[in-house]
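If you're matching them up, the sequences are chains L, W, P and X in order. Just so we're aligned, residue 1 is where the first sequence starts under UniProt numbering, counting upward by one. Just so we're aligned, residue 1 is where the second sequence starts under UniProt numbering, counting upward by one. Just so we're aligned, residue 1 is where the third sequence starts under UniProt numbering, counting upward by one. Just so we're aligned, residue 1 is where the fourth sequence starts under UniProt numbering, counting upward by one. Below is one structure; the comments refer to it alone.
4 protein chains.
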Amino acid sequence: MEDNAAARRIPSGARAEQRIRDILRVSREVFAELGYEKTTTTEIAQRLGVSEATVFTYFQSKRKLCVRVIEDWYDEIIGAIERGMPRDQSTRAQLAFYVKTHLRLFLIQGTGLCALVLSEGRAKGPELGQEFVPLQRRYTAPLMDLLARGREHGEIRRDVPLSLLRSAILGPMEHILWDAIARQREVDIDQTAADMVAVLWPALQPADIELEALRAFHGEVGAALRKLDQA
Amino acid sequence: MEDNAAARRIPSGARAEQRIRDILRVSREVFAELGYEKTTTTEIAQRLGVSEATVFTYFQSKRKLCVRVIEDWYDEIIGAIERGMPRDQSTRAQLAFYVKTHLRLFLIQGTGLCALVLSEGRAKGPELGQEFVPLQRRYTAPLMDLLARGREHGEIRRDVPLSLLRSAILGPMEHILWDAIARQREVDIDQTAADMVAVLWPALQPADIELEALRAFHGEVGAALRKLDQA
Amino acid sequence: MEDNAAARRIPSGARAEQRIRDILRVSREVFAELGYEKTTTTEIAQRLGVSEATVFTYFQSKRKLCVRVIEDWYDEIIGAIERGMPRDQSTRAQLAFYVKTHLRLFLIQGTGLCALVLSEGRAKGPELGQEFVPLQRRYTAPLMDLLARGREHGEIRRDVPLSLLRSAILGPMEHILWDAIARQREVDIDQTAADMVAVLWPALQPADIELEALRAFHGEVGAALRKLDQA
Amino acid sequence: MEDNAAARRIPSGARAEQRIRDILRVSREVFAELGYEKTTTTEIAQRLGVSEATVFTYFQSKRKLCVRVIEDWYDEIIGAIERGMPRDQSTRAQLAFYVKTHLRLFLIQGTGLCALVLSEGRAKGPELGQEFVPLQRRYTAPLMDLLARGREHGEIRRDVPLSLLRSAILGPMEHILWDAIARQREVDIDQTAADMVAVLWPALQPADIELEALRAFHGEVGAALRKLDQA
DNA sequence: GATGAATGAGATTTCATTCAT
DNA sequence: AATGAATGAAATCTCATTCAT
């Protein structure tokens, strides 16, 4: 937008790259901890042991620094998932991998950064928000692929949109993490991941018409019975 | 703040209450749109067409105004759900009501406010956060009750913690809403609610109520019915 | 100065005068307690149980109200001293009365108001300051008269300016009162007044009335007395 | 204030110290002239020809700036007196030095700062007040020592508390200065100091019983005579 | 390349004062 | 005559950002 302004040169070279890495590392910490607004360039510079001006030598603005932090974080997650995904195993096993990897990566600094994306990604107009759409797409790609492949094998239901299934998987994970943070409780990653898959898997499978009908029948008879008892 | 000086009293009366409602309405809009930090009292006053001082005549601080906005919003949701919950219908029907009501209420300004609660609720110091814990509890109470009752009737699985099931329900809803907002896409509430229940319901079922058992139950109820008819 | 402005009518009548007295009484309390700046019209109105606007019905501004408070307080002190001064007693007795009356009157709300005069009386330019000069003059008049009369009788030294003697009397009193307030210590008025006079009196004496002259005077008066007795 | 965010560090170095000195010099002027409340950071910055933010770069708050101003002023006075006090000379000579030094130092900006200490030192909450108690003690220490030593030599009276004698010395000085300022009159320091000592010295000396009795006798005889004349 | 220092542009909050009712 | 309500005008303080050294 306004990058016509006499474009300050950003240093390059090995030393500069180390600097940039350091700044990003510390910035990620601070942004995750404090959120965008409460984070100050002063704080970042101080934790780094450099002057504020130095930070601005490498990043044009706080905003751009933040965007870069988020991008890098996404890249890490996406990379870890893309590299590790056991494509040759069962769909369920792949889902399990996806869930577990997520929980693990998020639990480190994830919630803070996640909040950052949610809060800042929204924020009036498309200032930041739109910058993340492609990232978000890449980020969910492995999951979408997984589900699409599952559908081909008949393991994943076709009666609802894929995007809804995606939400049914990503949503609970975020929710659990918020909850864990909010209550400052430890999370047993393996156990939680296993539980989540146990819950999610049935949600993804094709509807068993007969089973569902019988379950509904069971529920309704029970309800009718209780109604009668009360009367 | 806690100076010796007497605080000016907040006006009361019919006119004042209308004012308060107006301020709350507009503030809700702005907070939802911009988040806590980016919201300025100037903006709120301008949209209202009054001076900033007027806002401070009715609310002691930006912070308290925000708390009130969130409380009111929670109260609306909680009220709508508590009042409308069809307790005499089947557990599935209750879940459907819960999901649909939520989607409807959230879609108005929900995501913004939701983000508000999440972001501000976190925020290092428990400045705001702790004020919402009881609200959060009341807010999730109907769902937890619903699930607990479902368990008693054997309709809800017992092999994972209730809190995980709660996350499996609330998480996707939030996620869908974020998505809808982020892409600025319209949502067909009825259809989405129906799809969500279709997806979630199987996730909640006890794994051990199997097809055979249900068939047997069906058979017995059918037999009993015929017996009655003959008599 | 700016009183040309459409001169709002200040109510008059018995009721109005009572109101004015009430406002002045409470304002004196508050100003004395909090000082000019920290005093708010809100506080005054609240302690009175009326609206702020009512205060402004009777006094054009906070500033004028404050001036009036100070004037009234001065008037009280001046009145008490003028009325009570034992002009037919010895100069020392008159000084003692002056000191004691002062200490007593100041100790009630005096220090607060005294601070008020000092702080506000100074204050940039002659906004308030000059308004008090005539008061100050009236206020010190009894003391100046006392000293002048003393001089005529040869009881008060003539080698230093009267104004310096005045400062030597008023200064310590204020200082003692500040000290008492600052340390929040009770003051034994009678004892302190007696001590002060014991200290101040020698300071006021003519240096040239020496022991020998007084002895001679004493001798002569004694002789005269005996002569009379014999006759 | 005590947020998690790191505070920006206060610059140090030769240039910074000059800045600090400048800010303190100007602030002293303004505080002395206007008092704490009426002084604005805007005014200080303007007189300095810098932005307000610059002032806050060197002092965390208006309050702390003011405290520092007062401390520095006290330090100057205390230093000048401690260094210059002619301890080997007579008690009267020491008193003379004390009085003269005070008058000189106070006359520059003393009264304003004095008012500052008095007004702010009081002020309901001991916010500022308590910070000055130790200063006040150091400040009066040389005088108290002087008086105590004088007592040992039998030159200072023992019949009244030392604190009262202290007030009898400091009080008049402040009063004279107020007066000088209020009337915007020049003061001849040497003359005034000499006069003050002439007045104060007799006040401090042990009571000469016979002299006092004879003076009292003289006064009473005079009064009786006048009474008779009037009749 | 690094930084010390300065600052412009706000943001929240307070309060004396006014005016229609 | 009393007041409820509104507000203009400030005041303190923060922080991302720039620029000369």
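The C-beta atom is built at its ideal place from N, Cα and C for all residues, glycine as well. Computed from a predicted model, the values in this text were never measured in an experiment.
8 Å Cβ cutoff, residue 53 of chain X in contact with chain L = Residue numbering aside, residue 53 of chain X sits at position 53 when the fourth sequence is read from its first letter. Chain L contact via Cβ: absent.
Alpha carbon to alpha carbon, what distance is there between residue 119 of chain X and residue 141 of chain W?
-> Residue mapping note: residue 141 of chain W aligns to position 141 of the second sequence, counting from 1. Residue mapping note: residue 119 of chain X aligns to position 119 of the fourth sequence, counting from 1. Their Cα atoms are separated by approximately 57 Å.
Just the C-alpha distance for residue 204 of chain P and residue 165 of chain P, rounded to the nearest angstrom, thanks.
-> Locating residue 204 of chain P in the third sequence gives position 204, where the first residue counts as 1. Locating residue 165 of chain P in the third sequence gives position 165, where the first residue counts as 1. One C-alpha to the other measures close to 7 Å.
Mind checking whether residue 80 of chain X and residue 159 of chain P have CB atoms under 8 Å apart?
-> As a working mapping, residue 80 of chain X is identified with position 80 in the fourth sequence. As a working mapping, residue 159 of chain P is identified with position 159 in the third sequence. The answer is no: Cβ separation not under 8 Å.
Can you find a CB in chain X that lies within less than 8 Å of the CB of residue 73 of chain P?
-> Along the third sequence, one-based indexing puts residue 73 of chain P at 73. Output row for residue 73 of chain P: interface = no.
Might you give, ordered along the chain, the residues of its own chain that have their beta carbon closer than 8 Å to the beta carbon of residue 146 of chain P, omitting 5 neighbours on each side?
-> Against the third sequence, residue 146 of chain P aligns to sequence position 146. Counting only Cβ-Cβ distances below 8 Å, and skipping sequence neighbours, we find 85, 91, 94, 95, 98.
Just checking my contact of residue 214 of chain P with residue 102 of chain X at CB under 8 Å: how many whole Å lie between their CB atoms?
-> Taking the third sequence and counting its residues from 1, the one referred to as residue 214 of chain P is at position 214. Taking the fourth sequence and counting its residues from 1, the one referred to as residue 102 of chain X is at position 102. That belief does not hold up - the Cβ atoms of residue 214 of chain P and residue 102 of chain X are roughly 34 Å apart, past 8 Å.
Minimum Cβ-Cβ distance from residue 167 of chain X to chain P less than 8 Å | In the fourth sequence, counting from the first residue as 1, residue 167 of chain X sits at position 167. For residue 167 of chain X, the answer is yes, since a Cβ of chain P falls inside 8 Å of its Cβ.
At least 3 beta-carbon pairs within less than 8 Å: the stretch 66-73 of chain P vs the stretch 27-46 of chain P = yes
Going along the chain, which residues of the stretch 62-92 of chain P sit with their C-beta nearer than 9 Å to a C-beta in chain X?
-> 88, 89, 90, 91, 92
Taking only beta-carbon atoms, is residue 220 of chain L less than 8 Å away from chain X?
-> Translated into the one-based positions of the first sequence, residue 220 of chain L becomes position 220. No, residue 220 of chain L does not count as interfacial toward chain X.
Indicate the three-state DSSP secondary structure (helix, strand or coil) for residue 13 of chain L in the structure shown.
-> As a first step, residue 13 of chain L is located in the first sequence; it is residue number 13 there, counting from the start. In this structure, residue 13 of chain L counts as coil in the three-state DSSP scheme.
Cα-Cα, which of X:43, X:37, X:35, X:56 is closest to residue 20 of chain X?
-> By one-based count along the fourth sequence, residue 20 of chain X stands at place 20. If we check each option's Cα against that of residue 20 of chain X, X:56 comes out closest.
Would you identify the three-state DSSP class for residue 75 of chain W, choosing helix, strand or coil?
-> Translated into the one-based positions of the second sequence, residue 75 of chain W becomes position 75. In this structure, residue 75 of chain W counts as helix in the three-state DSSP scheme.
For residue 15 of chain X and chain L, any beta-carbon pair shorter than 8 Å?
-> As a position in the fourth sequence, residue 15 of chain X is number 15, starting the count at 1. Output row for residue 15 of chain X: interface = no.
List the residues of chain W that residue 29 of chain P touches, going by C-beta distances under 7 Å, in chain order.
-> Counting from 1 along the third sequence, the entry for residue 29 of chain P is found at position 29. Ordered by position in chain W, no residue passes the 7 Å Cβ test against residue 29 of chain P, which lies about 13 Å from the chain.
Under 8 Å (Cβ pairs) to chain W, residues found in the stretch 208-219 of chain L | 208, 210, 211, 212, 214, 215, 216, 217, 218, 219
Applying a beta-carbon distance threshold of less than 8 Å, which residues of chain W neighbour residue 197 of chain L?
-> Walking along the first sequence from the start, residue 197 of chain L turns up at place 197. By Cβ distance, chain W contributes nothing, its closest Cβ being about 10 Å from residue 197 of chain L, past 8 Å.
Quick one: what's got a C-beta closer than 6 Å to residue 113 of chain L's C-beta in the same chain, skipping five residues either side?
-> Taking the first sequence and counting its residues from 1, one reaches residue 113 of chain L at position 113. Excluding positions up to five away in sequence, the list reads 32, 73.
Cβ of residue 289 of chain X within 8 Å of Cβ of residue 62 of chain X?
-> With chain X covering 1 to 231 only, the question about residue 289 of chain X has no answer from this structure.
Enumerate in chain order the residues of its own chain whose CB-to-CB distance from residue 143 of chain X is below 7 Å, with the five nearest sequence positions on each side excluded.
-> Residue mapping note: residue 143 of chain X aligns to position 143 of the fourth sequence, counting from 1. The residues are 98, 166, 169.
Straight-line CA distance for residue 194 of chain X to residue 52 of chain L?
-> Counting from 1 along the fourth sequence, the entry for residue 194 of chain X is found at position 194. Counting from 1 along the first sequence, the entry for residue 52 of chain L is found at position 52. Roughly 59 Å between the two C-alpha positions.
Going by Cα to Cα distance, which pick from P:180, P:202, P:22 is closest to residue 192 of chain P?
-> Looking up residue 192 of chain P in the third sequence gives position 192. Considering only alpha carbons, the answer is P:180.
Contacts of residue 46 of chain L in chain X (Cβ-Cβ under 7 Å) = On the first sequence, residue 46 of chain L is found 46 positions in, with the first residue counted as 1. Chain X residues near residue 46 of chain L: 6.
Where residue 193 of chain P meets chain X, residues with beta-carbon distance less than 7 Å = By 1-based counting over the third sequence, the position of residue 193 of chain P is 193. In chain order: nothing, as chain X lies at least about 11 Å away.
What's the gap between the Cα of residue 138 of chain P and the Cα of residue 71 of chain X?
-> As a first step, residue 138 of chain P must be located in the third sequence, where it is residue number 138. As a first step, residue 71 of chain X must be located in the fourth sequence, where it is residue number 71. One C-alpha to the other measures close to 37 Å.
Can you tell me whether DSSP reads residue 59 of chain X as helix, strand or coil?
-> Taking the fourth sequence and counting its residues from 1, one reaches residue 59 of chain X at position 59. Three-state DSSP puts residue 59 of chain X in coil, outside helix and strand.
Alpha carbon to alpha carbon, how far is residue 163 of chain L from residue 186 of chain W? Give it in angstroms, no decimals.
-> Walking along the second sequence from the start, residue 186 of chain W turns up at place 186. Walking along the first sequence from the start, residue 163 of chain L turns up at place 163. Roughly 14 Å separates the two Cα atoms.
Quick one: grab the DSSP three-state call for residue 85 of chain X.
-> The count along the fourth sequence starts at 1 and reaches residue 85 of chain X at position 85. Residue 85 of chain X falls in the coil class under three-state DSSP.
With a threshold of 16 other CB atoms inside 10 Å of the CB of residue 125 of chain W, please say whether the residue is buried or exposed.
-> The residue you call residue 125 of chain W lines up with position 125 of the second sequence. Note that residue 125 of chain W scores 49 on pLDDT, short of 50, meaning its location in the model is unreliable; the coordinates nonetheless yield the value given after this. With fewer than 16 other Cβ atoms within 10 Å, it is exposed.
What is the C-beta distance between residue 77 of chain X and residue 105 of chain X, in whole angstroms, given that I count them as a contact (C-beta under 8 Å)?
-> The count along the fourth sequence starts at 1 and reaches residue 77 of chain X at position 77. The count along the fourth sequence starts at 1 and reaches residue 105 of chain X at position 105. Contact holds; Cβ gap of about 5 Å.
Neighbour-count burial assignment, residue 152 of chain W, 16 or more Cβ in a 10 Å radius = The residue given as residue 152 of chain W occupies position 152 in the second sequence. Per the 10 Å Cβ criterion, exposed.
Got a sec? Which residues, its chain only, sit under 8 Å from residue 82 of chain P by beta carbon, not counting five neighbours each side?
-> On the third sequence, residue 82 of chain P is found 82 positions in, with the first residue counted as 1. If we look at residue 82 of chain P and ignore the five residues flanking it on each side, its Cβ neighbours are 142.
Should residue 10 of chain W go down as buried or exposed, given a rule of 16 or more other Cβ atoms within 10 Å for buried?
-> On the second sequence, position 10 is the one that residue 10 of chain W refers to. Result: exposed.
Starting from the Cα of residue 108 of chain L, find the closest Cα among L:178, L:148, L:171 and give me that residue.
-> One-based indexing of the first sequence puts residue 108 of chain L at position 108. It is L:178.
Which chain L residues sit within Cβ distance under 9 Å of residue 155 of chain W?
-> In the second sequence, the residue the question calls residue 155 of chain W occupies position 155. Those are 215, 218, 219, 222, listed as they occur along chain L.
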